[in-house]
Amino acid sequence: MAKNEGMEKHEEFKAEFKKRVKEQAKMLYRKSLDEISDRHKFVCVAYAVKDIVIDQWIATQKAYDEKDAK
1 MAKNEGMEKH EEFKAEFKKR VKEQAKMLYR KSLDEISDRH KFVCVAYAVK
51 DIVIDQWIAT QKAYDEKDAK
């Protein structure tokens with residue numbers, strides 16, 4: 001992987017993560033990030049991380065199932 005590719009993926013991940021945090025604020029508190037407390041922001045970040053981990057776990061499980069790995 002070229003250095004630029006790695007940076008591009010990092011920037012894409014960062015943008016997606018920020019989007020997920022904003023979505024959590026909207027879903028949990030019906031407010032924007034600017035309108036919630038630091039504690040609520042922490043909760044939004046935690047939920048966004050949880051969602052990303054779950055998405056990656058599901059993708060891993062799917063790959064294992066397709067390869068019939070044990």
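Counting from 1, one number per residue, gives the positions in the sequence shown under our numbering. Ideal Cβ placement from N, Cα and C applies to all residues, glycine included.
Buried or exposed for Ala-63, going by 16 or more other Cβ atoms inside 10 Å? Exposed: under 16 other Cβ atoms inside 10 Å.
Backbone CA spacing between Lys-31 and His-10 [nearest angstrom]: Cα-Cα distance, rounded: 27 Å.
Boundaries (first-last residue) of the alpha helix (DSSP H) holding Glu-23: 3-29
If we count the other Cβ atoms within 10 Å of its Cβ and call it buried at 16 or more, is Ala-79 buried or exposed? Any answer about residue 79 is impossible in this case: the structure gives the chain only from 1 up to 70.
Using CA atoms only, rank isn't needed, just tell me which of Leu-28, Trp-57 and Asp-34 is closest to Tyr-47. Leu-28
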